[in-house]
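This note's numbering numbers the first residue of the sequence shown as 670 and each following residue consecutively. Beta carbons: idealized from backbone N, C-alpha and C, even for Gly. A quick write-up on the structure given underneath.
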Amino acid sequence: MNIHHFLMPNKNIKIQTKEIRTNFKLMDYYIVFLLILPFVWASIHVFTSNLASRKSGLPTLPPGPYPIPIIGNIFKLGNLPHQAIAKLSKTYGPLMTLKLGSITTIVISSPNIAKEALKKYDQAFSSRTIPNMAKTFDHHKVSIGWMPTNSHWRNLRKACVMEIFALQRLEATQSLRQTKVQELLDYINESCKSGAPIDVAQVVITTVVNAISNTFFSIDLAQYGSNLSHEFQHLVYGVAQEAGKPNLADFFPALSLVDPQGIRKRTRIYFAKLFGIFDAIINERVQLRASSKGPKASNDVLDSLLTLNEEDNSKISLHDIKHLILAEPLRAIPIISL
């Protein structure tokens, strides 16, 4: 074999080298194209949105920070949204616009403007954007906080005003609240005498839960130092925490089916356990009322709602009652947090 054969440049190697260089150049073009594409798409999106708003003749929105394409003003909120909004209101005024993803949000930070919006223009502001987590078990369809103002919404609101928030109901349960506070003081006194440690937050939660459960069901749902109160606290706090988390599915509704953060999945677990507790109590009361020959009166909220249900099931169903009750423990979260 001739040794010069190894020293001569191989044509195939040259061809392969050129092909590799060509492939690298193509890859560079692809990378540049992929980097430019989002900016081009965002620019087109902003241009078409502005053009559409001008053509449609929509009223001018309140002032606000200029939104970043696609993302909007999400990053302006930071880790403490309420403080961030308070700072922004000093720049843009008490009525401002924030673009959160694809959702346009009007922020009111003035008590007078809020009063006017909620009282004078309540019908116009009633159809608000529904959070993705509130759609768990179709809660938004039977919750007076999220339903549209139709006849069913009026029936549920009337039931709440008459049976839950009425002055007579508050006066009737005054002695009950005093009893629960006295039970709390007795428990603290006994623990002090025995030298047992006290989890202040836990005993306050137990007191609040029992005050609410007795108003609705005439029973205690928790006991001091019991695991049941811990479990109920975990469920209620779980729902409140998921509701308070910024949800990508709310900012970008196209992601609602994907549930990228798993918020709706976790909320479903909490709802299912809470509904299991309420279903057992409601079914037991329904059976008791059906079998009892005496007067059907425990003088609690559940009995009053069941009476309305028996009078006209179309106005308020057992399903409605369950979802109305669900909202009540969540109202206690600000009290518990203190």
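Reference residue i; option with closest CA among the options
i: Ala996; options: Cys861, Ser778 and Ala803; result: Ala803
i: Asn883; options: His903, Val830, Lys849 and Ala912; result: Lys849
i: Gln837; options: Ile737, Asp989, Phe921 and Asn968; result: Asn968
i: Gly762; options: Phe834, Trp822 and Ile775; result: Ile775
Rounded straight-line distance, which links the Cα of residue j to that of residue i
i: Gln910; j: Leu917; result: 15 Å
i: Ser895; j: Ala753; result: 40 Å
i: Lys991; j: Val970; result: 12 Å
i: Asn879; j: Asp889; result: 5 Å
i: Phe885; j: Gly864; result: 35 Å
i: Val955; j: Ala949; result: 10 Å
i: Glu953; j: Ser983; result: 22 Å
i: Leu767; j: Leu730; result: 10 Å
i: Gly945; j: Thr976; result: 22 Å
Span of the beta strand (DSSP E), counted from its first residue to its last, around residue i
i: Thr766; result: Leu764 to Leu769
i: Thr773; result: Ile772 to Ile777
Sequence-distant residues of the same chain with beta carbon closer than 6 Å to residue i, five excluded per side
i: Arg937; result: Thr805
i: Pro929; result: Leu917
i: Asn978; result: Ile985
i: Val869; result: none
i: Gly907; result: Tyr939
Buried versus exposed call for residue i [16 or more other C-beta atoms within 10 Å across all chains shown]
i: Pro732; result: exposed
i: Gln792; result: exposed
i: Ile618; result: The question about residue 618 has no answer, for the chain in this structure spans 670 to 1007.
i: Ala959; result: exposed
i: Asp919; result: buried
i: Phe794; result: exposed
i: Asn748; result: exposed
Start and end residues, alpha helix (DSSP H) containing residue i
i: Pro750; result: Pro750 to Tyr761
i: Arg838; result: Leu836 to Ala841
i: Arg937; result: Ile932 to Ser960
i: Asp791; result: Asp791 to Phe794
Sequence-distant residues of the same chain with beta carbon closer than 8 Å to residue i, five excluded per side
i: Met677; result: Confidence at Met677 is low in this model, with a pLDDT of 47, below 50, so the placement of that residue is unreliable and no value is reported for it.
i: Thr876; result: Lys849, Val850, Glu852 and Leu853
i: His809; result: Ile799, Ala803, Trp815 and Met816
Cβ shell of residue i (< 7 Å), same chain only, five flanking positions each side left out
i: Lys942; result: Leu904
i: Gln902; result: Ile874
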